[in-house]
Amino acid sequence: MRVLVVEDDQSLQEQLVNNLTKKGFAVDATDNGADALYFGTEYPIDVAIIDLGLPDMSGMDVIKQLRAKDIHFPILILTARTRWEEKVEGLEAGADDYLVKPFHTEELLARMNALIRRSVGVATPLLVCGSIKLDTNAQQVVVDDRPVELTAYEYKMLEYMMLHSGRVISKTEITEHIYDQDFDRDSNVIEVFVGRLRKKLDPNDQHKPIETLRGRGYRFSIPLSH
Amino acid sequence: MSSSIQSRLILSASLVLFCFLGLAGFVIDAAYQKGAQNALNDRLQIHLYSILSKAEMSKNNRLVIPTNLSEPRFSQVDSGLYAYIFDHKGDIVWRSSSSAGDLIQAIKSLKSGQKSYIKKHSNGAESIELHYKAILENAFSQSNTFEFVVIESTSGVDYQVAGFRSVLWQWLGGIGLILIIVQFWIIRVSLKPLRHIVGDLEKIQTGDAQYLDNNYSDELKDIANTLNRLIDNERTHLKRYRNTLADLAHSLKTPLSVLTGIYEQSNLTSDDQKIIENQTLLMRQLVDYQLQKAAAKGHQTLSKSLEVELIILQIIDSLKKVYADKSLKVMIDIEPKLKFNAEKGDFFELFGNLLDNAFKWANKTVRVSVKNVENDSVPSIQIIIEDDGVGIPKDELENVLKRGIRADESIKGHGIGLAVVNELVSLYNGRLNSSVGSLGGQKWTIFLPYN
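These protein sequences, in sequence, are chains A and B. Take the first sequence: its position 54, counting from 1, is numbered 53 in numbering that gives the first Met the number 0, and each next residue is one higher. Take the second sequence: its position 46, counting from 1, is numbered 45 in numbering that gives the first Met the number 0, and each next residue is one higher.
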C-alpha cells in the first residue's frame, strides 16, 4: 500500500515514515503543500495522511485541489485543531476521516486500513477469500484456521491482491503500491515474493490462490466474499 | 419622568407652551379690561359734558335742564345710565328720568372744576360715578355751585369683557392644541434617525444584519461609524483570539505526538510506558479542555442567529463519512427555519460532541430532534439526541459531565466531549438531562432559552 504523508514537523514526519515503513507501507513524505499536490497527482497513492497546518498552503486547500482534480484516494486529516467546525470543514472539503494529535500509531494504522478497505468497497475489517482470512485490524492471516506468519511486505502484497481479487495486477502496479520509489524495477524480487506467498498460503498446492498470467501479471483468483 | 427622549421633549415643550400662552392670555385680558374701563370713563365724561352744556341758570338763579337730553338712556327708567345734580348744600336739585330712588350723595369736599370717579357696589351690581363740581352763572353774573354726577352701571363692560375673555381663551386653547400636535410631529420626525439606528442595532442583535448601514443623518454618522468599528473589532478580536489559541494547541500537540510515538517504540517497562502514556494523555486533554472552554463564547450581543438545521446536517454528513462502516440509520426531526442566537463555533462543539458520541455508541439508529418549546414558560429550543447503544450508567454520569479534567477520573471512550457540552449548556443558561430513551440507549435532552 502506498501512503502519502504530508507533515511539516520534521521529527513527527520521520517517526510516521519509520512506523509506516515497518508495517509494510510504501511511503512518500513531504513537508509542504506543493509537493503534496505533485505526489497526489503523479503517484499511485492508496491513502494520504495530511496535516492541516502546512507552511505554504493549508492542508484544507491541498485536499480541495486534489478533489477538484478528480483524485479519489482516501484522505485522513491529521490535525491539532479539535474544533468541530474545522473537522466538519475538512470532511466537507473532501477528507474521509480525521485524527487529532497526539495519536497512537495503532489507531492511525487502524483508521488507514479502514479507509483503504472502504475505498475498494469492503465494509468489514475481515477480508475473506475462501479459506483465506485476513484481519486488517490485527494484521493476521489465517488459512484453513491455521495462522500464517508473513513479513510486512508479504502481508501488504496479500492484502492488496485480496482487495483487488479477480482483477489482473501487473508487476509494475505491485511495485508501485508496495515498494518505495527507489526500488529496482528490473529485479525479480516480485517473482520471489509471489513464490514465497504461494508456499505459505498453499503449501500443499490445493487452493492455487494466485494465478500467473504470462506477460500481464498476477490475479488473485478466489473471490472476496462481502 | 419617562426616560424616552421623545416624551421628555414633548413634556418640556408643552410646559413652555402652556406657560407662554397662559401669560399672554392673562396680559391680553388685563389690557382689554383696562381699555374697556377707560372707554367707560371717557363715555361718562362725554355724558357729563353734554348735560353741563345744556344746563342753564334762570334769571331767578335757578337751574334749568331741558327734559329731553340727547342720550335717550337718561330718559329710560333703569337704563343703567343716570345723572344727578346737587346744589352747594348737597341737596338734589335735578335727576334724570332714568333714575329711581338711589342712595347718591354729593362729595362736599370736591372743589369746583375738580373731577372724581368713584366705584360703587350696591345690590350686587357695580357702577361708576363721575362727580364734577362746576360754578354756573346766570345773566346777572349770579353764580351758584353745583355738583354734577353721572352714573353708569359696569354690567355692560363686564359683559363685553366676559365675551372677549371667552373668545380669547378659546382661541388660545385652540392654538395651543394645534401647536402641541405640530410639535409632536416635529419631534417624531427629528427623532426618526435615532429610531432607525436603534432598529438597525436590534437587527444586528438578532443576526439579521452584520453592520449598521450608512443612511443616517449627519449627526449620527459618526456614532454609526464608531459602532461599526466596535463591532468589527469585537469580531476580529474573537477571531484572533481563537487563532492564537488554535496555534498554541497546534504547536503543543505535534511534540506530544512525537513523544507518543517514541514511548510506543521504546524499551521502557510497561509500567513506565503506562505512566508516560497517562501523562501525555492528560496534557492533551488539558490543552483541549482549556482551549474549548476559552473559545466558548455563549450568547453574543453581536453574533448572528444560526440556522440550527444547517449545522446539524453538516455534522451528520461528516459523521456518516467517519462512521461509514456502521451504516447507521439517522432519524432527523428538526423544525425548519429554526434560528437561535448563538456563536457558530459553540453550536458546532455542542452538536459535534453529542452526535459524535451517539454515532460512536449506536448499534443501528441515531435520532435527532430540535424544536421550539416553552420550558417552565420560558421560550426555548429543545434538543434531543439519542442512540440505541449501551448508554451511560447513572453512577458514571457525574464523572463524564464533570468540568475540568483529572487524570484518574476521566472515563475511557468519552473523552472531554461531554464535559465541554455541559460547560456550553450552562454558558447558555440551559439545562442538560440524561435518560434512557425509547431507542433503549443514551438520550440527551437539552433546553436552551432564547436570550
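We put the beta carbon where it would ideally sit given N, CA and C, even for glycine.
Contact set between residue i and chain B, taken where Cβ atoms lie within less than 8 Å
i                : result
LYS86 (chain A)  : SER317, GLY351
HIS163 (chain A) : The contacting residues do not exist; HIS163 (chain A) stays about 20 Å from chain B at best.
ALA47 (chain A)  : Per Cβ cutoff of 8 Å: no residues; ALA47 (chain A) is ~15 Å from chain B at best.
ALA113 (chain A) : ASP324
For residue i, the three-state DSSP class (helix, strand or coil)
i                : result
HIS176 (chain A) : helix
SER304 (chain B) : strand
GLY216 (chain A) : strand
THR279 (chain B) : helix
PRO65 (chain B)  : coil
THR81 (chain A)  : coil
PRO378 (chain B) : strand
SER317 (chain B) : helix
SER250 (chain B) : helix
ASN203 (chain A) : coil
ASN60 (chain B)  : coil
LEU15 (chain A)  : helix
LYS370 (chain B) : strand
ILE452 (chain B) : Nothing about residue 452 (chain B) can be reported from this structure: the residues present for chain B run from 0 to 450 only.
ILE221 (chain A) : coil
LEU237 (chain B) : helix
ILE261 (chain B) : helix
Under 8 Å by beta carbon: chain A residues contacting residue i
i                : result
ALA248 (chain B) : ALA79, ARG80, THR81
GLN313 (chain B) : VAL87, GLU91
LEU290 (chain B) : THR81
Residue i, enclosing alpha helix (DSSP H) - first and last residue
i                : result
ASP199 (chain B) : 154–205
LEU337 (chain B) : Per DSSP, LEU337 (chain B) belongs to no alpha helix (DSSP H) and is neither H nor E.
GLN5 (chain B)   : 4–53
LYS198 (chain A) : 188–200
LYS22 (chain A)  : Per DSSP, LYS22 (chain A) belongs to no alpha helix (DSSP H) and is neither H nor E.
VAL399 (chain B) : 393–400
Residue i: first and last residue of the uninterrupted beta strand (DSSP E) it sits in
i                : result
ASP332 (chain B) : 328–333
VAL76 (chain B)  : Where VAL76 (chain B) is concerned, there is no enclosing beta strand (DSSP E), given that its DSSP letter is neither H nor E.
PHE446 (chain B) : 441–448
VAL419 (chain B) : Element bounds for VAL419 (chain B): not the beta strand (DSSP E) but the alpha helix (DSSP H), 416–426.
SER169 (chain A) : It is not in any beta strand (DSSP E) - SER169 (chain A) carries neither H nor E in the DSSP assignment.
VAL389 (chain B) : No beta strand (DSSP E) holds VAL389 (chain B); DSSP gives it neither H nor E.
LEU431 (chain B) : 430–435
LEU3 (chain A)   : 1–5
Of the residues the options, the one placed nearest residue i, counting alpha carbons only
i                : options                                : result
GLU397 (chain B) : B:PRO378, B:ALA418, B:ASN40            : B:ALA418
VAL87 (chain A)  : B:ASN428, B:PRO335, B:ILE382, B:ILE314 : B:ILE314
ILE64 (chain B)  : B:SER96, B:SER216, B:TYR215            : B:SER96
SER126 (chain B) : B:GLU334, B:LEU290, B:LEU39            : B:LEU39
LYS338 (chain B) : B:ASP355, B:SER13, B:ASN371            : B:ASN371
LEU53 (chain A)  : A:GLN9, A:ALA25, A:TYR152, A:ASN18     : A:GLN9
ASP394 (chain B) : B:SER433, B:ILE9, B:GLY112             : B:SER433
ILE134 (chain B) : B:SER52, B:GLU70, B:LEU68, B:VAL188    : B:SER52
TYR81 (chain B)  : B:LEU10, B:LEU43, B:LEU285             : B:LEU43
ARG80 (chain A)  : B:TRP360, B:GLU385, B:GLU348, B:ARG366 : B:GLU348
LEU309 (chain B) : B:ARG283, B:GLY351, B:SER269, B:ILE274 : B:GLY351
ILE221 (chain A) : A:LEU126, A:GLU153, A:LEU149           : A:LEU126
LEU200 (chain B) : B:ILE230, B:ILE185, B:ILE174, B:ASP221 : B:ILE230
ALA105 (chain B) : B:ASP90, B:SER2, B:LYS114, B:ALA208    : B:ASP90
ASN60 (chain B)  : B:HIS130, B:GLU136, B:LEU226           : B:GLU136
ALA137 (chain A) : A:GLY216, A:CYS128, A:LEU149, A:LEU15  : A:LEU149
ALA47 (chain A)  : A:ALA67, A:LEU107, A:LYS22             : A:LEU107
Chain-ordered neighbours of residue i on chain C, where CB pairs are closer than 8 Å
i               : result
HIS71 (chain A) : Note that chain C does not occur in the displayed structure, where the protein chains are A and B.
Chain-ordered neighbours of residue i on chain B, where CB pairs are closer than 7 Å
i                : result
SER224 (chain A) : Simply none; closest approach about 17 Å.
SER10 (chain A)  : VAL257
ASP95 (chain A)  : LYS320
ASN136 (chain A) : Near ASN136 (chain A) there are no residues of chain B at all, since even the closest Cβ is about 11 Å away, more than 7 Å.
GLN14 (chain A)  : VAL257, GLY260
Within chain A, the residues that residue i reaches when beta carbons sit closer than 9 Å
i                : result
LYS363 (chain B) : None at all; the shortest Cβ gap to chain A is about 14 Å.
LEU285 (chain B) : Simply none; closest approach about 12 Å.
THR279 (chain B) : PRO101
THR268 (chain B) : Ordered by position in chain A, no residue passes the 9 Å Cβ test against THR268 (chain B), which lies about 18 Å from the chain.
Neighbour list for residue i in chain B, Cβ cutoff strictly below 9 Å
i                : result
THR104 (chain A) : THR259, GLY260, GLU263, GLN264
ARG117 (chain A) : ALA323, ASP324
Proximity test, residue i beta-carbon vs the ligand ATP heavy atom, cut-off 7 Å
i               : result
ASP90 (chain B) : Inclusion of the ligand ATP in the displayed structure is not the case, the ligand content being empty and no account of it being possible.
Under 7 Å from the C-beta of residue i: neighbouring residues of chain A
i                : result
GLY388 (chain B) : What GLY388 (chain B) touches in chain A: nothing, since even the nearest Cβ is about 19 Å away.
GLY344 (chain B) : ARG82, GLU84
Exercise for the section: Report the residue ranges of all beta strand (DSSP E) runs contained in full by the region 94–163 of chain A; include only those spanning at least 3 residues, in chain order. Expected result: 96–99, 125–128, 131–134, 139–142, 145–147
Handout entry: Runs of beta strand (DSSP E) wholly within the region 72–154 of chain B (minimum 3 residues, chain order)
Key = 80–86, 91–94, 114–121, 124–136, 142–152
Practice task
Let me know the beta strand (DSSP E) ranges lying completely inside the region 34–62 of chain A, each 3 residues or longer, listed in chain order.
Solution key: 46–50
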